[in-house]
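Presented below is the structure to which this report refers.
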């Protein structure tokens, strides 16, 4: 049986901001665009969430909900540095680490349990000892807290990490009858694939909890067999990891609540583009391909990619590619989608621009590309210093 750990950093961007501004601790803090600007909330502190503020919410709406909140622009370089420290900590416990985003990961700790809990400890005692050790090391090394769930598969581990946020730890049941009982009273929204649209469509049939789905059983035309399986806690237990040199740079955002607001999804995508670009340029590399990922409320995932006209490393090229892919997949005049996750990345990386390298003495297009790259590097420097 696999033993999977899910770790989720608590209000990560806001928590990192508090490292530089401890005087903000205990106050509602919103990370994102300015309160009077077009843009969305990236994340917010738990104090801000008490006022109804959520990620991907328009910043103007957040200001209306809490005018006295502190609004701060994202400092992606600072977040990435703390994230790198966190992932280094994760590697102390297992080589099998699947990074979901800058602040979230799955770890397969099956082969590491024997190192924790003492000679006569049970599997659950060893898992608890490892989980608590990881949480303590994250706090000591990174200065922020995380929440951890440990379970026999990824689905249950993620449900576990959500149980006692923030700064919580949950060791989930491992026996099937105990898992079934644990999930029985949970709302079906905790399951992957059960977005707001699915939840609303099942309400007329009196289906609101995992227990209701358990009673339906497989083969019911109302819901998929996969969703029924998940109501019993049956799901994929694999952790997907890639050893060796990083072949792509990407970032994803899962919305607190599924959204059909195209503009909100688009603005979030552009924030991811900026983050990916800044992270990508930490190494002198060029990308040949851009890609986006869209996951809907039913957990259907669409990935689209397209090559750059020339190997690229500047935000303007990344932004143009991301918007072209997004507009192609979700035209403004098309029926609204209900989105759970949006992601952007660049891949097919190389260490030089190759034969497409712009020359100072070439045509105006090459000169424009050089200016774009220099502008991107200048903006990275200003962001790192907290000036923008």
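In the working numbering, the protein residues as written are 2 to 389.
Note that the Cβ used here is the ideal one computed from N, Cα and C, for glycine as well.
What residue from the options has the CA that sits closest to residue i's CA?
i	options	result
residue 96	104, 87, 108 and 85	108
residue 142	173, 305, 84 and 194	84
residue 227	305, 161 and 300	300
residue 291	302, 277 and 283	277
residue 8	69, 21, 17 and 150	150
residue 69	48, 348, 205 and 198	48
residue 252	258, 236, 294 and 215	294
residue 351	249, 270, 14 and 25	249
residue 39	22, 59 and 28	59
residue 289	306, 296 and 302	306
residue 296	313, 270 and 287	270
residue 105	71, 82, 147 and 78	147
residue 41	263, 316 and 10	263
How would you call residue i, buried or exposed, if buried means at least 16 neighbouring beta carbons within 10 angstroms?
i	result
residue 33	buried
residue 2	exposed
residue 36	buried
residue 43	buried
residue 334	exposed
residue 365	Reliability of the predicted coordinates at residue 365 is poor, the pLDDT of 47 falling under 50, and the value obtained from them is presented with this limitation in mind. With fewer than 16 Cβ atoms within 10 Å of its Cβ, residue 365 is classed as exposed.
residue 361	Summary for residue 361: the model assigns pLDDT 39, below 50, so the residue's position carries little reliability; its value from the coordinates is reported in the next sentence. Result: exposed.
residue 29	buried
residue 182	exposed
residue 111	buried
residue 353	exposed
Per DSSP, residue i is paired with what?
i	result
residue 351	287
residue 8	106 and 149
residue 188	210
residue 32	44 and 73
residue 260	340
residue 249	348
residue 37	Residue 37 pairs with nothing; no bridge assigned.
residue 170	149
residue 255	342
Any heavy atom of the ligand ADP inside 8 Å of the beta-carbon of residue i?
i	result
residue 146	In terms of ligand content, the structure shown is empty, and the ligand ADP therefore cannot be addressed.
Against chain C, with Cβ distances strictly below 9 Å, would residue i count as a contact?
i	result
residue 208	The structure shown has no chain C; it contains just one protein chain.
- Query: At which residue ranges does the stretch 282-344 contain complete alpha helix (DSSP H) runs of 4 or more residues, listed in the order of the chain?
  - Reply: Counting only runs of 4 or more, we get 316-330.
- Message: When you compare the stretch 321-334 with the stretch 214-228, are there three or more beta-carbon pairs, one atom per stretch, that lie closer than 8 Å?
- Response: By the criterion of at least three beta-carbon pairs nearer than 8 Å, the stretch 321-334 is not in contact with the stretch 214-228.
- Query: Hey, is the stretch 161-175 in contact with the stretch 203-221, meaning 3+ C-beta pairs nearer than 8 Å?
  - Reply: No, they do not touch.
- Item | the stretch 143-163 contacting the stretch 233-242, beta-carbon criterion three pairs below 8 Å | Touching, yes.
- Could you pull out every unbroken beta strand (DSSP E) segment of at least 3 residues lying fully inside the stretch 80-139, listed in chain order? Qualifying beta strand (DSSP E) stretches, in chain order: 98-102 and 105-109.
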